Amino acid sequence: MRVFRMTLCCAPGATVFGLLLMCAVTVGPGDGGSAAKSARAAGLTPADRAAPVLPPAAVPVRRPPVLSLAALAVHRPHTAALPRIVPRAKWLAEGAYRRPPARYADRVTAVFIHHTDSPNGYDCADTPRIIHDLYVGQAGGRNWDDIGYNFLVDKCGTIYEGRAGGVDKAVVGAHAQGFNQGTAGIAAIGTFIAGTPVPPSMAKSIAALSAWKLGLANIDPRSRVRLTSTNSLSRFPKGRTAEFNAIAAHRDEYETYCPGQALMAALPEIRQRAAELQGR
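Remember, my numbering sits 244 above the position in the sequence shown when you count from 1.
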């Protein structure tokens, strides 16, 4: 004799307010019991019935890692705003020499600071002419492929594009024997021997330009970097790796008094200002 009874069973995973299923269960020999009938009615496979169902509190929850503010600061790139840069067309309106295409490094990891060793008593309105004269002396008189410096800064703090190729690119210049690859040359227009004050506007612009240029590669202006000499005309033979400040002086790599003692003395403050402009 078969006995039929009606029972209510709740579909797995539903809440007590979920869908209730009406299940017809037959109790009798060989029928597998009411639990098996209920499981089949609910659509469960044997594998489903074998796997234990964990209560919600026991289900492991994967949470994303939480970084501290210090860790976020380490991972955040430090960049600085692009300062205003006067294009080279301003000083090279005419009289350009033929030149080969610009050469590029992967990135700029250091800047070398120079002075032009020219008179300080100029009017800033004459800066384009002064840069043009420097260009003629280097590209014409010395037969270089272009002006050697990547950038020039006058005493009023105006920044000028020097060597062609793009101010935001790692253009290989001709300003630091053996270390032109992966560096930028910034020339302060004037002569800054001991006792000659460095105009504050000039120092601020050098810091702003260095902060932006080094920030493109996330380089701390206060850090030390390692560079490898590409020839033996500097203080270091070809192939020698040397360590420099990220904002270095020309005399650090070459036998010269450039950029002058006064500008040398201003470099620590320039490095610190550049780092602050990067948000460090």
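A virtual CB, placed ideally from N, CA and C, is assigned to each residue, including glycine. Small disclaimer: the values here were computed from a predicted structure and weren't measured.
Run of the alpha helix (DSSP H) containing residue i, from where it starts to where it stops
{"i": "Tyr404", "result": "Run containing Tyr404: none in the alpha helix (DSSP H); it sits in the beta strand (DSSP E), Ile403 to Glu405."}
{"i": "Glu499", "result": "It is not in any alpha helix (DSSP H) - Glu499 carries neither H nor E in the DSSP assignment."}
{"i": "Ile357", "result": "It is not in any alpha helix (DSSP H) - Ile357 instead sits in the beta strand (DSSP E) that spans Ala354 to His359."}
Under 9 Å between C-beta atoms of residue i and residue j
{"i": "Gly426", "j": "Ala492", "result": "no"}
{"i": "Ile403", "j": "Pro327", "result": "yes"}
{"i": "Thr371", "j": "Ile433", "result": "yes"}
{"i": "Pro503", "j": "Arg495", "result": "yes"}
{"i": "Val352", "j": "Ala451", "result": "no"}
{"i": "Ala408", "j": "Ala346", "result": "yes"}
{"i": "Thr360", "j": "Leu336", "result": "no"}
{"i": "Asn489", "j": "Ala354", "result": "yes"}
Backbone CA spacing between residue i and residue j [nearest angstrom]
{"i": "Ala438", "j": "Ala509", "result": "9 Å"}
{"i": "Val380", "j": "Asp390", "result": "9 Å"}
{"i": "Gly523", "j": "Gly385", "result": "43 Å"}
{"i": "His358", "j": "Ala418", "result": "12 Å"}
{"i": "Gln505", "j": "Pro512", "result": "13 Å"}
{"i": "Ser454", "j": "Asn364", "result": "22 Å"}
{"i": "Pro441", "j": "Asp398", "result": "14 Å"}
{"i": "Gly406", "j": "Arg466", "result": "25 Å"}
{"i": "Glu520", "j": "Thr485", "result": "29 Å"}
{"i": "Trp456", "j": "Val330", "result": "15 Å"}
{"i": "His376", "j": "Val416", "result": "20 Å"}
{"i": "Lys547", "j": "Ala340", "result": "Past the edges of the chain, shown from 245 to 524, lies residue 547, and the structure says nothing about it."}
{"i": "Thr500", "j": "Arg479", "result": "10 Å"}
{"i": "Arg342", "j": "Arg373", "result": "19 Å"}
{"i": "Glu338", "j": "Arg332", "result": "11 Å"}
Of the listed residues the options, nearest to residue i (C-alpha basis)
{"i": "Glu497", "options": "Pro481, Gly410 and Ala447", "result": "Pro481"}
{"i": "Pro444", "options": "Arg517, Gly429 and Pro331", "result": "Arg517"}
{"i": "Leu378", "options": "Leu460, Met446, Ala431 and Ser449", "result": "Ala431"}
{"i": "Gly392", "options": "Phe356, Cys368 and Cys400", "result": "Phe356"}
{"i": "Leu458", "options": "Trp388, Val411 and Ala383", "result": "Val411"}
First and last residue of the uninterrupted beta strand (DSSP E) at residue i
{"i": "Arg468", "result": "Arg468 to Thr472"}
{"i": "Thr485", "result": "Thr485 to Asn489"}
{"i": "Gly439", "result": "Counting along the chain, Gly439 falls outside any beta strand (DSSP E), and DSSP gives it neither H nor E."}
{"i": "Leu396", "result": "Phe395 to Val397"}
{"i": "Ala542", "result": "A question about residue 542 goes unanswered here, because the residues of the chain that appear run from 245 up to 524."}
Check: residue i C-beta below 8 Å from any heavy atom of the ligand FMN
{"i": "Ala431", "result": "The ligand FMN is not among the ligands present in this structure, which contains no ligands whatsoever."}
- prompt: Does the region 406–422 come close enough to the region 467–481 to have 3 or more Cβ pairs within less than 8 Å?
  reply: yes
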